[in-house]
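In what follows, a single structure is set out as structure tokens and then discussed.
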Amino acid sequence: MSDLLTVRDLSVAYGSGAPAVKRVSFTVGEGAVVALLGANGAGKSSIMKAIAGLTPASGTVMFGAEDLAALPARTRVARGIVYVPEGREIVGDLTVRENLILGGYQKAAAERKQRMAMVLDLFPEIAEKADRQAWRLSGGEQQMLAIGRGLVANPRLLLLDEPSLGLAPLLVRRVFDRLAVIRRETDLAIVLVEQNLAVTMRLCDDLHFLRGGRIVGQRSAAELKDKAARQEAIDAYLGAA
Ligand code: ATP
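Under full-length UniProt numbering, the first residue of the sequence shown carries the number 1, and numbering increases by one thereafter.
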């Protein structure tokens, strides 16, 4: 499997304080799902925003053979790097369909239409409400809409920031089941930020644990199938900072 994304020595600093991300390195293969886990403030969202071109960073981010340093966020979207932010940020006053159209703003009408049909097929819950204003949706439906909007852009790499945040366990499972379907049916690669190890393991290949802006541990999902190994990783990496 060749690498789609290569992150090398990535650092992010806001103002004069300690850097939020400190020389982080990892790779994501074509079609692979890589998770970044860690407590609030560990630097996960900052890494995602740096890859998407939404915050200044130092170090190297390569997409295939291309160095992204000089590319603004919108060009990265055109290349196939799509960020689905934490907190969803859908436009409440617009309808579900209009929110999806926004996701495909860089696409030709025919492709956008085809992608929207695919998304509505994948998420029947929101298809039923396509002409309703987005603020009327439940939390889980809003999360599906946010992911769906990202998928309309036809990404090769989806940056998914805490899709489980604020959702009841049943809805979390539903959202992750859909992500598993996308995984099975396409060669989409995903970087997934999560605090929830159990759901993360269902989807991803490799997990990187972050603390204080650094990667402090790595495991494969296969390694963590063993209960004792899973507990050991939780104690070592997800316990008190
Ligand atoms: P969370 O799950 O809470 O979003 P996180 O692991 O994604 O946590 P980041 O959001 O990347 O962490 O934040 C890392 C550090 O950088 C934190 O100390 C945070 O306060 C700080 N930070 C994040 N964004 C900014 C910003 N725009 N300006 C200043 N500091 C910021």
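Using N, Cα and C, we set each Cβ at its ideal position, and we do this for glycine too. This one's a predicted model, so the numbers in the text were calculated from it and none came from an experiment.
Nearest-angstrom beta carbon gap, L54 and T27 [assumed within contact, 8 angstroms] | No, T27 and L54 are not in contact; Cβ-Cβ is about 21 angstroms, not under 8 angstroms.
Thinking C-alpha only, which one of R174, A69, L165 and E111 is nearest L122?
-> R174
Residues passing the C-beta test against the ligand ATP heavy atoms, cut-off 5 angstroms | Here the residues close to the ligand ATP, judged by CB distance below 5 angstroms to any of its heavy atoms, are Y14, A20, N40, G41, A42, G43, K44, S45 and S46 in chain order.
Counting Cβ pairs, one atom from each stretch, are 3 or more of them under 8 angstroms apart for the segment 191 to 199 and the segment 148 to 162?
-> Counting Cβ pairs under 8 angstroms, three or more are found: they touch.
Starting from the C-beta of R97, find all residues in its chain whose C-beta is less than 7 angstroms away, skip the five residues before and the five after it, and write them out in chain order.
-> A130 and D131
Secondary structure at K22, three-state DSSP: helix, strand or coil?
-> K22: strand per DSSP, three-state reduction.
Measuring alpha carbon to alpha carbon, tell me which of A228, V7 and M144 ends up nearest G64.
-> V7
Is the segment 22 to 36 close to the segment 199 to 207, with three or more CB pairs under 8 angstroms?
-> Counting Cβ pairs under 8 angstroms, three or more are found: they touch.
Distance, Cα to Cα, A241 vs R214?
-> With a pLDDT of 47 at A241, under the threshold of 50, the modelled position of this residue cannot be trusted; read the value that follows with caution. Roughly 12 angstroms separates the two Cα atoms.
How should N99 be labelled, buried or exposed, when 16 other C-beta atoms within 10 angstroms of its C-beta is the threshold for buried?
-> buried
Touching or not, the segment 79 to 87 and the segment 37 to 52, by the rule of three or more beta carbon pairs under 8 angstroms?
-> Contact between the segment 79 to 87 and the segment 37 to 52 is present: three or more C-beta pairs spanning the two stretches fall below 8 angstroms.
On the DSSP bridge assignment, give the partners of V34 in chain order.
-> The partner list for V34 (beta bridge, DSSP) reads V191 and D206.
From R156 to I147, what does the alpha carbon distance come to, in whole angstroms?
-> 14 angstroms
DSSP three-state call for F176: helix, strand or coil?
-> helix
Environment of G92 [buried if 16+ CB atoms lie within 10 Å] = exposed
Thinking C-alpha only, which one of L238, L145, A134 and A189 is nearest D85?
-> The sequence shown places Pro at residue 85, rather than the Asp named in the question. The shortest C-alpha separation from P85 is found at L145.
Under 8 angstroms Cβ to Cβ from E111, same chain only, skipping five residues before and after it: list those, please.
-> G104 and N154
Using three-state DSSP, classify D235 as helix, strand or coil.
-> D235: helix per DSSP, three-state reduction.
Quick one: complete beta strand (DSSP E) runs, 3+ long, within the segment 101 to 163?
-> With a minimum length of 3 residues, the unbroken runs of beta strand (DSSP E) contained wholly in the segment 101 to 163 fall at 157 to 161.
DSSP bridge partner residues for L10 (one or two, in chain order) | V24
Going by beta carbon distance, what residues of the same chain come within less than 6 angstroms of L120, once the five residues before and after it are set aside?
-> A127
Which of the three DSSP states, helix, strand or coil, is assigned to V91?
-> coil
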